[in-house]
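Undergrad: Residues in the sequence shown are numbered consecutively from 66, following the working numbering.
Even for Gly, the Cβ is constructed at its ideal location relative to N, Cα and C.
The structure follows.
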Amino acid sequence: MEITVNGERREVPDDATVARVLEHFAVDAARVVVERNREIVPREKYGATPVAEGDVLELVEIVGGG
């Protein structure tokens, strides 16, 4: 199915969850905040949050520094 990830149309598995999308794109779930359709998804719900055709995800990487 097609979804939008950070402004780009991307193909993901049909039965995707937020966690599976992160795995699909080799993104470390511990280092990102995920917004799905303009709502932040709590990290503990990544595996239970389904992704549907046409959804819009924004992946924001957490960067530490000093």
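Using 8 Å for Cβ pairs, my map puts Val-97 next to Leu-122. What's the rounded Cβ distance?
TA: That belief does not hold up - the Cβ atoms of Val-97 and Leu-122 are roughly 10 Å apart, past 8 Å.
Undergrad: To which residues of the same chain is Gly-112 closer than 7 Å at the C-beta, ignoring the five residues directly before and after it?
TA: Correct list, in chain order: Thr-82 and Ala-84.
Undergrad: Go through its chain and collect everything with a Cβ distance to Glu-118's Cβ below 8 Å, but skip five positions before and after it.
TA: So the list reads Met-66, Glu-67 and Ile-68, once near-sequence residues are dropped.
Undergrad: Using a threshold of 8 Å, state whether the C-beta atoms of Arg-108 and Ala-94 are closer than that.
TA: Their beta carbons are under 8 Å apart, which means Arg-108 touches Ala-94 by this criterion.
Undergrad: Would you mind reading off the limits of the beta strand (DSSP E) that contains Val-116?
TA: Looking at the DSSP string, Val-116 is not in any beta strand (DSSP E), and its letter there is neither H nor E.
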